[in-house]
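Student:
Residue numbers (my numbering): 145 to 555.
1) What are the complete beta strand (DSSP E) segments, minimum 3 residues, inside the region 251-290?
2) Can you check whether the CB of residue 467 is closer than 9 angstroms to the CB of residue 229?
3) Does the count of Cβ pairs from the region 351-362 and the region 305-315 closer than 8 angstroms reach three?
4) If you drop the 5 nearest sequence neighbours on each side, which residues of the same chain put their C-beta closer than 7 angstroms to that of residue 327?
5) Of all the options 517, 532 and 388, which has the alpha carbon lying nearest to the alpha carbon of residue 524?
6) So the candidates are 506, 413 and 163; which of them puts its Cα closest to the Cα of residue 210?
7) Looking at the strands, I want to know which residues DSSP matches up with residue 343.
8) Can you name the start and end residues of the beta strand (DSSP E) that residue 173 belongs to?
9) Grab the span of the alpha helix (DSSP H) containing residue 360 for me, first residue to last.
10) Using only the alpha-carbon positions, how far apart do residue 323 and residue 206 sit?
11) Mapping the DSSP letters down to three states, classify residue 517 as helix, strand or coil.
12) Nearest to residue 481 by CA position, among 499, 516 and 462, is which residue?
13) Hey, how far is the Cα of residue 549 from the Cα of residue 441?
14) Once you ignore the five residues that flank residue 521 on each side, which residues in its own chain have a CB closer than 7 angstroms to its CB?
15) Excluding the 5 residues preceding and the 5 following residue 372 in the sequence, name in chain order all residues of the same chain whose CB lies nearer than 6 angstroms to its CB.
16) Please state the DSSP three-state secondary structure of residue 538.
17) Using 8 angstroms as the Cβ pair cut-off and three pairs as the minimum, do the region 430-437 and the region 377-394 touch?
18) Taking DSSP as the reference, what is the three-state secondary structure of residue 402?
19) Which residues does DSSP list as the beta-bridge partners of residue 547?
20) What separation, rounded to the nearest whole angstrom, lies between the Cα atoms of residue 258 and residue 248?
21) So, at 8 angstroms on beta carbons, what are the nonlocal neighbours of residue 281 in its own chain, with the 5 sequence-adjacent residues on each side left out?
22) On the CB-based measure, 16 or more other CB atoms within 10 Å of its CB, does residue 161 come out buried or exposed?
23) So what does DSSP say about residue 156, is it helix, strand or coil?
24) Identify the residues that DSSP records as bridge partners of residue 466: which are they?
25) Exposed or buried, which one is residue 455 when buried takes at least 16 other CB atoms within 10 Å?
26) Can you give me the Cβ contacts of residue 303 inside the same chain, cut-off strictly under 8 angstroms, excluding the 5 residues immediately before and after it?
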């Protein structure tokens, strides 16, 4: 069930806070003037006049709404036990769209103002974006690719559609751009991680020549390309082909990281799906496999730290919809996983706000709290820039002309 939004007054009101974060800077206690969904003024002293309306009696700490760059609107993450999970997309389309809309609204209530979908085979992400646009419901900014594309007898059927040849994929790219105006193109270039053997299932789905051709074609259509990709062999191909967004990249090594950095490609590490499988014993993995998963996560963190120190372009995304990974709460867990690499909380917040917005080409979402900008932020009991775990202290969400009170406890 979606958390209900309250409509804010149209007249000017003030919010006082103990501090706020924007870009990489933490600011001291402040007063924010808001009207018609925008921030009109930020000042260090109380507003003039006894009749000023103050919305927050108990001041907290403000952080811009966060951005998750890798989600699946249509996937229900619960229950965690795979034997009890319904096949994604098994309900009638209208019901699937309604459920997905509820998940997106809950993500907003959980402090997320930007969601980039990573593909579904039924066009649900397209329908969700269209529904929000047509009905004017409060929502995060949404970017969608339509369906991802994978090759015959290869991984990807829950992410999109099968296409046999490069020409078939080009034809689908044309259809998605011309008929659906998708925001970018998603390709499935490898299989998934095999936890038992610490490797990737299946061989890569494209040659360097094929993938290079597709990236070039998508760029001609003014669309960037995101690739589901893990494993040395698949990463060699994706990086050489110049794929814009490398999603996951498990088992990346120093040489591949150097090439990714040199080409200014973007890496979204997506820790939380693997971490969830590792941390929840009800998933049923044997002890030896859990040791493998622990090592996979440790290696991923080690490479993340190297990437950060060497100036790689990093984004924060969760693969929400995977078992146990919700839109909203999943991003808090993802950032907590990334924090284990030793990256400063302020830098992680910047990645999850401004960086995600700029790299994805967000149109409305900026990830900033600033005069003239949207009044879109979460209010926290503790300052997340002093410890990323304080993202769990969310109490209220403001998004333009709507408010979600006590939203964190409802998610």
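Just so it is clear, CB atoms sit at the ideal spot from N, CA and C, and this is done for glycine as well.
Tutor: By the coordinates alone:
1) List check, beta strand (DSSP E) in window: 256-261 and 285-287.
2) Their beta carbons are under 9 angstroms apart, which means residue 229 touches residue 467 by this criterion.
3) Under the 8 angstroms Cβ criterion, the region 351-362 counts as touching the region 305-315, having at least three qualifying pairs.
4) For residue 327, same chain residues with a beta-carbon under 7 angstroms away, outside a window of 5 residues either side, are 287, 288 and 289 in chain order.
5) Comparing Cα-Cα distances from residue 524 to each of 517, 532 and 388, the minimum goes to 532.
6) That would be 506, whose Cα lies nearest to the Cα of residue 210.
7) Listed as beta-bridge partners of residue 343 by DSSP are 338.
8) That residue, residue 173, is in no beta strand (DSSP E); it is neither H nor E in DSSP.
9) Looking at the DSSP string, the run of the alpha helix (DSSP H) that includes residue 360 is 352-364.
10) As the crow flies, the alpha-carbon of residue 323 is around 40 angstroms from that of residue 206.
11) Residue 517 falls in the coil class under three-state DSSP.
12) Distances from the CA of residue 481 to each of 499, 516 and 462 were compared; the closest alpha carbon is that of 462.
13) Straight-line spacing of the CA atoms in residue 549 and residue 441 works out to 35 angstroms.
14) So the list reads 206, 207, 208, 209, 513 and 542, once near-sequence residues are dropped.
15) Hits under 6 angstroms: 332 and 391.
16) DSSP places residue 538 in strand when its eight states are reduced to three.
17) Put simply, the region 430-437 does not touch the region 377-394. Fewer than three CB pairs are less than 8 angstroms apart.
18) Collapsing the DSSP output to three states places residue 402 in a helix.
19) 150 and 542, per the DSSP bridge assignment.
20) As the crow flies, the alpha-carbon of residue 258 is around 10 angstroms from that of residue 248.
21) Excluding sequence neighbours, residue 281 sits near 245, 249 and 275.
22) Per the 10 Å Cβ criterion, buried.
23) For residue 156, the secondary structure class from DSSP, reduced to helix, strand or coil, is coil.
24) When beta bridges are read from the DSSP output, residue 466 appears opposite 464.
25) Around the beta-carbon of residue 455, fewer than 16 other beta-carbon atoms lie within 10 Å, marking it exposed.
26) Hits under 8 angstroms: 216, 262, 263, 264, 265, 291, 292, 294, 330, 332 and 372.
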